[in-house]
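Be aware that the sequence shown starts at 142, since it is given in my numbering, and climbs by one per residue.
Have a look at the structure below before the remarks.
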Amino acid sequence: MSDRLAAAATGIDALVHGVESLASLGASPLSAAYAAQAVAMVGRWLPVAHADGSDLETRSHLMLGAHLAGQALTLSGLGLVHGIGHSLTAHTGTPHGVALAAVLEEVMAFNAPFAGPAYEQAARALRLDPPAGGDWSRALIAAVREISGAIGVKNRWPTGRGAAPAAVRRRGSGRRRRHAQQSPGRHRGRGAGTP
Ligand SMILES: [Zn+2]
């Protein structure tokens with residue numbers, strides 16, 4: 142994977158962390174504060190940093206946004222984009238962010254009837270204009286599609302389907318063993334909470 146695609150994939154991952162944290166059933170005012178600021182910063186600086194990776198100040202803004210998104214998801218858990226994305230990665234070896242981008246807008250559209258206030262908060266964090274008819278979810282999905290397209294991460298499958306099945310199987314079996322050793326109290330019922 143090229144450096145630019147790696148930057149795009151990890152950047153869209155950070156944006157998804159913020160959006161999914163806002164829409165998570167585990168969201169709280171504290172996690173939402175982190176997540177909204179993360180969406181604002183990542184949405185603003187990701188396309189800029191991707192276009193010119195030599196600008197360290199821009200990259201520092203993006204890094205802080207990604208860190209805030211991490212703080213948010215630790216509090217709230219994530220959602221179905223990550224749930225499906227992890228499965229895609231496990232079965233195909235596709236990099237995490239590329240797998241997320243592959244399903245992002247579609248899952249957001251699926252969740253929109255239930256995630257309207259969260260998506261409005263994310264859209265306002267991105268400073269989108271109020272949409273005609275008040276459909277903030279649609280406006281947010283369009284904005285995410287625009288960001289994803291600008292950085293070239295949508296529908297990129299650099300490793301090919303089934304490229305790393307043996308390694309994935311080994312990692313999967315190890316993960317199952319570790320989970321089996323954990324006490325039930327460590328499981329918080331947020332199956333898609335892994336970043
Ligand atoms: Zn992630």
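Beta carbons are placed, not taken as given, at the ideal position from N, Cα and C, and that holds for glycine.
Keep in mind the model is a prediction, meaning the values are calculated, not measured.
Closest by CA to V244, which one among H232, L203, H208 and R286?
Measuring C-alpha to C-alpha distances from V244 to each of H232, L203, H208 and R286 identifies R286 as the nearest.
Are the Cβ atoms of S162 and S217 separated by less than 8 Å?
Yes.
Counting only the same chain and skipping the five closest in sequence on each side, list residues whose C-beta sits under 6 Å from that of A155.
Excluding sequence neighbours, A155 sits near V183, A207 and A210.
State the Cα-Cα distance for the pair R297 and V239, rounded to the nearest angstrom.
Approximately 6 Å, taken between the alpha carbons.
If you compare alpha carbons, which of R145, Y260, A176 and D193 is closest to A158?
Note that residue 158 is His in the sequence shown here, rather than Ala. Answer by Cα proximity: A176.
Is V160 a contact residue of ligand 1, with contact defined as CB to any heavy atom under 7 Å?
Answer for V160: no, Cβ out of range of ligand 1.
Local Cβ density within 10 Å of G152, reported as buried at 16 or more and exposed below that:
Flag for G152 reads buried.
What residue from T215, A173 and I225 has the CA that sits closest to M249's CA?
Ranked by how close their Cα comes to the Cα of M249, the residues T215, A173 and I225 have I225 in first place.
With hydrogens ignored, establish whether the beta-carbon of H237 is closer than 7 Å to any heavy atom of ligand 1.
Yes, the beta carbon of H237 sits closer than 7 Å to at least one heavy atom of ligand 1.
Cβ of A147 within 8 Å of Cβ of G293?
Their beta carbons are not under 8 Å apart, which means A147 does not touch G293 by this criterion.
Does the distance between the C-beta of H208 and the nearest non-hydrogen atom of ligand 1 fall short of 7 Å?
Distances between the C-beta of H208 and the heavy atoms of ligand 1 are all 7 Å or more.
Beta carbon of V157: closer than 7 Å to some heavy atom of ligand 1?
Checking every heavy atom of ligand 1 against the Cβ of V157, one is found closer than 7 Å.
How would you label P188, buried or exposed, when you count the other beta carbons within 10 angstroms and need 16 or more for buried?
It counts as buried.
Starting from P236, trace the alpha helix (DSSP H) both ways and give me its first and last residue.
DSSP places P236 in no alpha helix (DSSP H); its state is neither H nor E.
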